[in-house]
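Remarks on the structure that follows.
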Amino acid sequence: MGLSARCRATRGRRTTDGEAHLEGDRLTFRGDFRITVPFDSITAVRVKTGTLILECPDGRLALRIGPGAEKWAEKIRNPRSRIDKLGIKPGAKVTVLGLEDPKFEKDLRDRTSDISRRMRKDTESVFLGAQRTGDLARMDRCRANLAQHGALWVVYPRGRQDITRAEVMNAGKMAGLVDVKIVKFSESHTALKFVIPLAKRLNKS
Numbered sequence: 008m009g010l011s012a013r014c015r016a017t018r019g020r021r022t023t024d025g026e027a028h029l030e031g032d033r034l035t036f037r038g039d040f041r042i043t044v045p046f047d048s049i050t051a052v053r054v055k056t057g058t059l060i061l062e063c064p065d066g067r068l069a070l071r072i073g074p075g076a077e078k079w080a081e082k083i084r085n086p087r088s089r090i091d092k093l094g095i096k097p098g099a100k101v102t103v104l105g106l107e108d109p110k111f112e113k114d115l116r117d118r119t120s121d122i123s124r125r126m127r128k129d130t131e132s133v134f135l136g137a138q139r140t141g142d143l144a145r146m147d148r149c150r151a152n153l154a155q156h157g158a159l160w161v162v163y164p165r166g167r168q169d170i171t172r173a174e175v176m177n178a179g180k181m182a183g184l185v186d187v188k189i190v191k192f193s194e195s196h197t198a199l200k201f202v203i204p205l206a207k208r209l210n211k212s
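Its first residue numbered 8, the sequence shown is counted upward by one per residue in my numbering.
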């Protein structure tokens, strides 16, 4: 979950009040000027009397956040990994279908060795790559093989008209699942998390 705060920002000779957001791997500020700062572009982070100070290649950004400034600094210094955001625990039983992402697979194998490219019963986490709406038909089979408390992540392209978030959500609903979380999977893809509704889990159906 991200952080938000009303604050005063100073960049160069400009100072303005506005709203700062810390989400995923970047900080954004919206006021009389707007700026987005990816974490990996920040060269130094420090806090001085409630002011978060970020050193960036194009200059310094100071945000007067107040007592919570240190918490913001800690999140910037130690961002959660993609695997953590996706909730993969050590030794988890994972299935990956129709998804080709070498970096993701490497990070996944660093977390668990129980990974398959074929559907298996009682899988804790299923990652289904969907490049087009037709791929969403596989969600029914994924749901049938999920562990009762498992998660199905549908990974689909961002900003495309041939497969939209609304279509992914509707396909999940038709498969008897409920969407509970969305994560930025990469610069080009989004991951939407589905789970079996609690009532159906309790009934084992």
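Don't be surprised by glycine CBs; every beta carbon is placed ideally from N, CA and C.
Small disclaimer: the values here were computed from a predicted structure and weren't measured.
Check	Outcome
Just to confirm the assignment, what range does the alpha helix (DSSP H) spanning PRO109 have?	109-118
Give the list of continuous alpha helix (DSSP H) stretches no shorter than 4 residues that lie fully inside the stretch 117-194.	146-152 and 172-181
Would you check if there are 3 or more beta carbon pairs closer than 8 Å linking the stretch 96-104 to the stretch 28-44?	no
With 16 as the cutoff for other CB atoms within 10 Å, does SER123 come out buried or exposed?	exposed
Give a yes or no on contact between the stretch 125-145 and the stretch 169-186, applying the rule of three or more CB pairs nearer than 8 Å.	yes
Tell whether a beta-carbon distance below 9 Å holds between GLY38 and GLU30.	no
Starting from ALA69, trace the alpha helix (DSSP H) in both directions and tell me its first and last residue.	First-last for ALA69: 66-71, but that is the beta strand (DSSP E), not the alpha helix (DSSP H).
Nearest-angstrom Cα distance between PHE111 and LEU153?	21 Å
At least one CB of chain B closer than 9 Å to the CB of ASP39: is that the case?	Of the protein chains in the structure, only one exists, and it is not chain B.
Quick one: using the 10 Å Cβ neighbour count with 16 as the cut-off for buried, is ALA76 buried or exposed?	buried
Do you know offhand how far LYS128's Cα is from ALA151's?	8 Å
Anyone know if the C-beta pair for CYS14 and ILE72 falls short of 9 Å?	yes
What is the DSSP secondary structure of LYS200, reduced to helix, strand or coil?	strand
Just tell me which of PHE134, ASP91 and GLU107 has its CA closest to the CA of ARG118.	ASP91
Since ARG89 is in the beta strand (DSSP E), which residue starts that stretch and which ends it?	Per DSSP, ARG89 belongs to no beta strand (DSSP E); it is in the alpha helix (DSSP H), 89-92.
Restricting to Cα atoms, I'd like to know which of ARG125, SER193, PRO86 and LYS188 is closest to ILE49.	PRO86
Report the rounded CA-to-CA distance for ILE203 versus GLY157, giving the unit in angstroms.	8 Å
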